[in-house]
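Beneath this line is the structure, given in structure tokens, with notes to follow.
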Amino acid sequence: MTDTDLTDTYLGYIACLNNQDWRNLHRFVHDEAHYNGERIGLAGYRKMLERDFSEIPDLYFDIQLLISDTPFIASRLQFNCAPRGNFLGLPVNGRKVSFSENVFYEFLDGRIRHVWSVIDKAAIEAQL
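For the sequence shown, our numbering begins at 3 and goes up steadily by one.
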């Protein structure tokens, strides 16, 4: 897989998320997926995303920066959304907040196997 192929796959993955096309998530996420060091598998990954969209109805993944170095992707995602209730332990309660996520992915066999994610919680705290 070339860097261009990997980038195209990642763009397809983000489109899959934004469209909540869960039946095609397996095309992008490995059965043995890990999130921040914990093995959650494809089913756990899907459950995590479905919960995110349930708690944040206007969730949209906006790529701000994307670097591909096969088999890795580094991405900075921007979010402008209104989470219901508590989000990351903060009482957002439907207020619109903006924050970023820095995330690294490792691909295996053309699908995401490892994800390491850091969300800018301080940016949300500053807005509350």
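Even for Gly, the Cβ is constructed at its ideal location relative to N, Cα and C.
(request) Report the option in I69, A125, G87 whose CA atom is closest to the CA atom of E108. (result) Start at 1 with the first residue of the sequence shown, and residue 108 comes out as number 106. Of the candidates I69, A125, G87, the one whose C-alpha sits nearest the C-alpha of E108 is I69.
(request) Would you list the residues sitting across from L67 in a DSSP beta bridge? (result) Indexing the sequence shown from 1 puts residue 67 at position 65. Looking at the DSSP assignment, L67 forms a beta bridge with R78.
(request) Can you tell me which of E52, A124, E34, V94 puts its alpha carbon nearest to the alpha carbon of K18? (result) For this step, residue 18 is matched to residue 16 along the sequence shown. Checking the sequence shown, residue 18 turns out to be Cys, not Lys. It is E52 whose Cα lies nearest to the Cα of C18.
(request) Along the alpha helix (DSSP H) that carries I114, what are the first and last residues, could you check? (result) The count along the sequence shown starts at 1 and reaches residue 114 at position 112. No alpha helix (DSSP H) holds I114; the beta strand (DSSP E) holding it covers 113 to 121.
(request) Could you tell me whether the segment 62 to 80 touches the segment 39 to 51, where touching means 3 or more Cβ pairs closer than 8 Å? (result) no
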